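For reference, the structure is listed below as structure tokens.
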Amino acid sequence: MSSHKFESLDEEVESILDQVTDKLECGVKQCKSKEEQKYLLRDVEQLLKDASNSLTEMDIEVKKAPVDYRNTMNSKILRYKDELIRHQQHYEQEKATHSRMSNRSTRFSSTADTDTFDAAIRKQIQDGTAVLERTSGSIARSTAIAAETEQVGTEVLGELGTQRETLSRTRDRLVDADGELSRSKRLIRSMSRHVVYNKILLVIIIILEIAILGGLVYWKFFMK
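If you read the sequence shown in the UniProt record's numbering, its first letter stands for residue 1, the second for the next number, and so on.
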């Protein structure tokens, strides 16, 4: 069965992703200033990092879990990682939008040149691309683990099938042996009855011989 730590991490990741969803879909729109939006995006960034770290720990717990439960655990992790990617993309979009608006506001209020603004945008895009590449690599590793788990499960099922056939043959032999024992018991009971009958017959013969011998002695010594 899955570990207590995995279940705790599962609840933690689900709670974090719910918070991220609420902040990105509702919180950003409710921000009244760019500064408030900036702090909200920082919170989202930290939540995404916490979720990523928790998923890494969940991957470690999967490797410790029994083989029968790994497929279910890996499926749950993959679902969370897909959701994390979507939130990461949404976050990057909101962050880029906020950055553009901030830079645009600064540009209109100062003499900052266009090259600096473009460099900032390029950096944001590069950072977002790097995050997506890391997330994709994590998904690829999780997929490899799932494939390995499936292979192990197939091998275990094959082994169980072989053991089932062995047990079936053993059961058949036990049934045959039980039949032989039943026939042996009946034969022994029959032999026992014959032995008793023979003993009774032997006693009767002995008694008859003694009676005849007594009659002969009486006739020989007492009848004359």
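C-beta atoms are modelled at their ideal positions from N, C-alpha and C, and glycine is treated no differently.
Bear in mind the structure is a predicted one, so any value in this text is a computation, not a measurement.
Taking a C-beta distance under 9 angstroms as the contact criterion, Val20 and Leu55 do not qualify as a contact pair.
Rounded to the nearest whole angstrom, the CA to CA distance from Leu17 to Glu25 is 12 angstroms. Judged by beta-carbon spacing, Ile85 lies within the 9 angstroms limit of Ser136, meaning their Cβ atoms are closer than that value. For Met58, the uninterrupted alpha helix (DSSP H) run begins and ends at Lys34 to Lys64, by DSSP. Comparing alpha-carbon positions, the option among Tyr69, Leu167, Asn198 and Leu201 lying closest to Ser3 turns out to be Tyr69. The C-beta separation of Ile139 from Lys81 comes to about 6 angstroms, placing the pair in contact by the 8 angstroms criterion. In summary, Ala51 is buried, with 16 or more beta-carbon neighbours lying within 10 Å of its beta-carbon over all protein chains present. Nearest to Ala147 by alpha-carbon distance, out of Glu11, Ser75, Glu133 and Gln37, is Ser75.
In this structure the region 145-165 touches the region 57-68; the number of beta carbon pairs closer than 8 angstroms is three or more.
Separation of Arg122 and Gly128 (C-alpha to C-alpha, rounded to the nearest whole angstrom) is 10 angstroms.
In this structure, the straight-line span from the alpha carbon of Glu11 to that of Val67 is close to 22 angstroms. Within the same chain, Val44 come within 6 angstroms of Tyr91 by CB-CB distance, once the 5 residues on both sides are set aside. In the three-state reduction of the DSSP assignment, Met191 falls in the helix class, which pools H, G and I.
One thing to note: Gln88 has its Cβ no nearer than 9 angstroms to the Cβ of Leu40.
Judged by DSSP in its simplified three-state form, Ser15 adopts helix. If you draw a straight line from the Cα of Glu133 to the Cα of Gln151, it comes to about 27 angstroms.
Taking a 10 Å sphere around the C-beta of Lys5, we find fewer than 16 other C-beta atoms and assign the residue as exposed. Under the criterion of beta carbons closer than 8 angstroms, Ala96 and Gln124 qualify as touching, at roughly 5 angstroms. Distance between Arg189 and Ile200, taken at the CA atoms: about 17 angstroms. Here Ser184 carries a helix assignment [DSSP, helix/strand/coil].
For the 9 angstroms CB-CB criterion, Asn71 and Thr162 do not form a contact.
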